[in-house]
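2 protein chains.
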Amino acid sequence: MLNLFPAMTPVNLKSLSEQLNLSIATVSRALRDSHEVSEATKVRVRALASALHYEPNAYASSLRRNISKTIGVVIPKVANHFFALAINGIEEAARQSGYHVLIYLTHDDYEREMSIVQHLKGGRVDGLLMSVASGTQDFAHLRSLKDANIPIVFFDRVCAEIETAKVTTNDYESGYQATEHLIQAGCRTIAHLLISNNLSIGQFRHQGYLDALTANDQAPDPDLVMSGVMDNEQNVALIRELLLRRPDIDGIFASVERLAISAYRVCHELQRRIPEDVKIIGFSNLEAAALLDPPLSTITQPAYDIGREAAKILLRAVEKKKAVLSTQSVVLESTLFARQSTGS
Amino acid sequence: MLNLFPAMTPVNLKSLSEQLNLSIATVSRALRDSHEVSEATKVRVRALASALHYEPNAYASSLRRNISKTIGVVIPKVANHFFALAINGIEEAARQSGYHVLIYLTHDDYEREMSIVQHLKGGRVDGLLMSVASGTQDFAHLRSLKDANIPIVFFDRVCAEIETAKVTTNDYESGYQATEHLIQAGCRTIAHLLISNNLSIGQFRHQGYLDALTANDQAPDPDLVMSGVMDNEQNVALIRELLLRRPDIDGIFASVERLAISAYRVCHELQRRIPEDVKIIGFSNLEAAALLDPPLSTITQPAYDIGREAAKILLRAVEKKKAVLSTQSVVLESTLFARQSTGS
DNA sequence: CTGTTAGCGCCTTCAG
DNA sequence: CTGAAGGCGCTAACAG
Numbered sequence: 001m002l003n004l005f006p007a008m009t010p011v012n013l014k015s016l017s018e019q020l021n022l023s024i025a026t027v028s029r030a031l032r033d034s035h036e037v038s039e040a041t042k043v044r045v046r047a048l049a050s051a052l053h054y055e056p057n058a059y060a061s062s063l064r065r066n067i068s069k070t071i072g073v074v075i076p077k078v079a080n081h082f083f084a085l086a087i088n089g090i091e092e093a094a095r096q097s098g099y100h101v102l103i104y105l106t107h108d109d110y111e112r113e114m115s116i117v118q119h120l121k122g123g124r125v126d127g128l129l130m131s132v133a134s135g136t137q138d139f140a141h142l143r144s145l146k147d148a149n150i151p152i153v154f155f156d157r158v159c160a161e162i163e164t165a166k167v168t169t170n171d172y173e174s175g176y177q178a179t180e181h182l183i184q185a186g187c188r189t190i191a192h193l194l195i196s197n198n199l200s201i202g203q204f205r206h207q208g209y210l211d212a213l214t215a216n217d218q219a220p221d222p223d224l225v226m227s228g229v230m231d232n233e234q235n236v237a238l239i240r241e242l243l244l245r246r247p248d249i250d251g252i253f254a255s256v257e258r259l260a261i262s263a264y265r266v267c268h269e270l271q272r273r274i275p276e277d278v279k280i281i282g283f284s285n286l287e288a289a290a291l292l293d294p295p296l297s298t299i300t301q302p303a304y305d306i307g308r309e310a311a312k313i314l315l316r317a318v319e320k321k322k323a324v325l326s327t328q329s330v331v332l333e334s335t336l337f338a339r340q341s342t343g344s
Numbered sequence: 001m002l003n004l005f006p007a008m009t010p011v012n013l014k015s016l017s018e019q020l021n022l023s024i025a026t027v028s029r030a031l032r033d034s035h036e037v038s039e040a041t042k043v044r045v046r047a048l049a050s051a052l053h054y055e056p057n058a059y060a061s062s063l064r065r066n067i068s069k070t071i072g073v074v075i076p077k078v079a080n081h082f083f084a085l086a087i088n089g090i091e092e093a094a095r096q097s098g099y100h101v102l103i104y105l106t107h108d109d110y111e112r113e114m115s116i117v118q119h120l121k122g123g124r125v126d127g128l129l130m131s132v133a134s135g136t137q138d139f140a141h142l143r144s145l146k147d148a149n150i151p152i153v154f155f156d157r158v159c160a161e162i163e164t165a166k167v168t169t170n171d172y173e174s175g176y177q178a179t180e181h182l183i184q185a186g187c188r189t190i191a192h193l194l195i196s197n198n199l200s201i202g203q204f205r206h207q208g209y210l211d212a213l214t215a216n217d218q219a220p221d222p223d224l225v226m227s228g229v230m231d232n233e234q235n236v237a238l239i240r241e242l243l244l245r246r247p248d249i250d251g252i253f254a255s256v257e258r259l260a261i262s263a264y265r266v267c268h269e270l271q272r273r274i275p276e277d278v279k280i281i282g283f284s285n286l287e288a289a290a291l292l293d294p295p296l297s298t299i300t301q302p303a304y305d306i307g308r309e310a311a312k313i314l315l316r317a318v319e320k321k322k323a324v325l326s327t328q329s330v331v332l333e334s335t336l337f338a339r340q341s342t343g344s
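Here the protein sequences line up with chains Z and G, keeping their order.
Quick note on full-length UniProt numbering: the first sequence kicks off at 1 and runs consecutively.
Quick note on full-length UniProt numbering: the second sequence kicks off at 1 and runs consecutively.
What follows is the structure, given as structure tokens:
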């Protein structure tokens, strides 16, 4: 007789097996579609299981098999189009392989990143995807993941010191191209706005900027390089100051979306016409960039693909139970959108 | 003698207890800071535990205590500023209470939503936060959560049929205000763009639109109401068609960010001047809206607070082990930003 | 093909 | 204050 009130007696292998006069093991095997169980019993078992809406207890299974079917994603923030899109790609890849996704935000805080990683060593995840916090200087907590047998894949903001797989974009080339784009458009004094830290991506982009300048016989000027801070209003103030101090600036290359937007705003405010007086190009995944008038030229990273690629690499390692990944680097290409005023 | 190679022998209560010549129970109690264990042993235990970087196995604990310290978040998409900000608030609240956050994207697909919810009944989460998919018409899968003893809190896109806590914004009022804003600005023919479905929020906003019209002696015209679809390019085509069919439209109220942006784009394309020919106001959490020239007026939802509030309510219920929440409705207020061209 | 047994790592009575 | 024992739900080895 069926028990249709699972809230009363729990629905688990035990209760199922009792009602079916089978052993727990057989029921378990039947549900996992093992070949060593007769088709007839499989049918019986499945029928009851679905009638009672049986759902296996994920944690019991995880404990037993030492596999959680879960990956962790540790990123600075999600209120940022790039990471939002990346998560999308990650979730997609994870779902396709039957994995769950735990999300953690560091808010670019080292302490927080450390405590998250420490927690995760408890076996809650089979693997980790990570974009390091800008405040992170010490990487011991990341190294220790190796001991805990948890593979990690870095994306976008990678950590060069750790030997593992990394997914990035062609940051150096993008920095170079962006700068050259401004030079071609006639800019003679180009500022570079980046985030103040040791992030690999910032360094690569900056090197691209420097090399593009020298290649075009423009002497790099440290005074034109601005390191942003966490607080956005402060950044606006810094940019305003820079533009007032150097009225000769006629081109701005922003390595971060927020700085590009802020620069745009400050130009408006200071009545510097875009693009007549100042041309701006910035890293951005903001769709609305194309709608600005004049539109903002952007370097757009394939965020979704980055997330997806990273997740796929991680999952492949997880399935093979390889704690340490080969130091493989996947580089995807960003796209430069040179947008012109529609002249309406 | 210390074993500093946890990769060799596993670090768990058993191994710790052996090295300390204590029982597993005592070690467990010491680590949970139980009052029934001497301070001296606590110190000894903690010392070894931290030396070996002991991290409790979350799944064993979950299995035993039937508590996962994890909540699930099921949303349509994350590549949308509103949801990104909401996740931020959710993660914050969860973290403060020591909870983990699993994320699932439905892509507005009913089947997917159902399968996710079904999975989650396996005890993987202690509670659920949800914004229902636009394709969802049947709510049996949500009801069944009650049987599984999993509390659920809806936010933004709520499901009226389920009796549980809900966190929303004042959608009716916002729709009313937005429409009145356009009327005050002199619009005589106001279109309403919304998403094609049974979403509660769409209905409320639409009712506000209708009531504002009648209150101002404008007869609602069904021809001016457009239901969007999933594909954005199709939406652009639909909007274009609408504006061509009804050249008398001089005001647009968009209930979704994407539609507002698309409307903006189509107006540009059709050379309808904003705001001289057509005024636009739309729901949006896009910062860049203020940068558009002319800027886009928006109704902005307190996304972060919505996520945070919803998570707090859920966590309170989870801690009390209440599967069914009181049908409590928290309504937060959106802000209308009436932006004017800077006239530069 | 099916059943029995023995844990995964942890927590929680119940006894000392 | 500490220890011994049982079991959360599931799976995997070993018997039949």
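Ideal placement from N, C-alpha and C gives every residue a C-beta, glycine not left out.
Per DSSP, the unbroken beta strand (DSSP E) holding G:Thr298 starts and ends at 297-300. For the pair of segments examined, the region 310-327 of chain G was found to touch the region 88-101 of chain G: the number of CB pairs separated by less than 8 Å reaches three. Identification of residues in the UniProt domain "HTH lacI-type" (11-65) of chain Z having a C-beta nearer than 8 Å to some C-beta of chain G yields His53, Glu55, Pro56, Asn57, Ala58, Tyr59, Ala60, Ser62, Leu63, given in sequence order. Note on geometry: alpha-carbon atoms of Z:Ser62 and Z:Arg112 lie some 26 Å from one another. For the region 256-288 of chain G, the residues whose beta carbon sits under 8 Å from a beta carbon of chain Z are, in order, Ile261, Tyr264, Arg265, His268, Gln271, Leu286, Glu287, Ala288.
By a beta-carbon distance limit of 8 Å, G:Glu233 does not contact G:Gly208. Their separation comes to about 29 Å. At least one CB of chain Z lies nearer than 8 Å to the CB of G:Val101. Taking every protein chain shown into account, the CB of Z:Gly307 has 16 or more other CB atoms within 10 angstroms, so this residue is buried. In the structure shown, G:Ile239 falls within a helical segment according to DSSP collapsed to helix, strand and coil. Not one beta carbon of chain Z lies nearer than 8 Å to the beta carbon of G:Asp223. Across the set Z:Gly122, Z:Leu20, Z:Leu224, the C-alpha of Z:Gly122 shows the shortest separation from the C-alpha of G:Ala49. Using a Cβ distance threshold of 8 Å, Z:Leu31 and Z:Val45 count as a contacting pair.
Within the model, the alpha-carbon separation for G:Leu193 versus G:Val132 is close to 20 Å. Here Z:Glu257 is buried, its C-beta having at least 16 other C-beta atoms within 10 Å. Nearest C-alpha to Z:Gly251 among Z:Met230, Z:Ser227, Z:Leu213: Z:Leu213. Burial state of Z:Ser227 is exposed, judged by a 10 Å Cβ sphere holding fewer than 16 other Cβ atoms. Across the structure, G:Ile261 and Z:Ala185 are spaced so that their CA atoms are roughly 29 Å apart. In the three-state DSSP reduction, G:His107 falls in the coil class, being neither helix nor strand. Z:Lys322 is outside the set of residues whose beta carbon lies under 8 Å from a beta carbon in chain G. With 16 or more other CB atoms across the displayed protein chains lying within 10 angstroms of its CB, Z:Pro76 is buried.
Its Cα nearest to that of G:Thr298, the residue G:Ala254 stands out among G:Glu276, G:Ala254, G:Ser15. The Cβ atoms of Z:His181 and Z:Ile281 lie closer than 8 Å to each other. Contact annotation: in the region 109-128 of chain Z, residues whose CB is within less than 8 Å of a CB in chain G are Gln118, His119, Lys121, Gly122, Gly123, Arg124.
Counting along the chain, Z:Leu292 sits inside no alpha helix (DSSP H), nor does DSSP assign it H or E at all. Just so you know, the alpha carbons of G:Ile201 and G:Leu85 end up roughly 18 Å apart.
Contact with chain Z is found for G:Lys77, since one of that chain's Cβ atoms lies less than 8 Å from the residue's Cβ. With fewer than 16 other Cβ atoms from the protein chains shown falling within 10 Å of its own Cβ, Z:His35 counts as exposed.
Spanning the alpha carbons of Z:Lys279 and G:Arg272 requires a straight line of approximately 27 Å.
Under the Cβ criterion of 8 Å, G:Leu292 is counted among the residues facing chain Z. Looking at the backbone, the Cα of G:Phe139 and that of G:Tyr104 are separated by about 18 Å. Comparing alpha-carbon positions, the option among G:Thr9, G:Arg143, G:Asp147, G:Phe337 lying closest to G:Ala288 turns out to be G:Phe337.
The secondary-structure analysis by DSSP pairs G:Ser329 across a beta bridge with G:Lys166. No Cβ-Cβ contact shorter than 8 Å links Z:Asn235 with Z:Phe82. Closest in C-alpha terms to Z:Val167, from the list Z:Leu129, Z:Glu18, Z:Asn149, Z:Leu102, comes Z:Leu129.
In this structure, the CA atom of G:Leu142 is about 10 Å from the CA atom of G:Pro151. Within the same chain, Val101 come within 6 Å of G:Glu91 by CB-CB distance, once the 5 residues on both sides are set aside.
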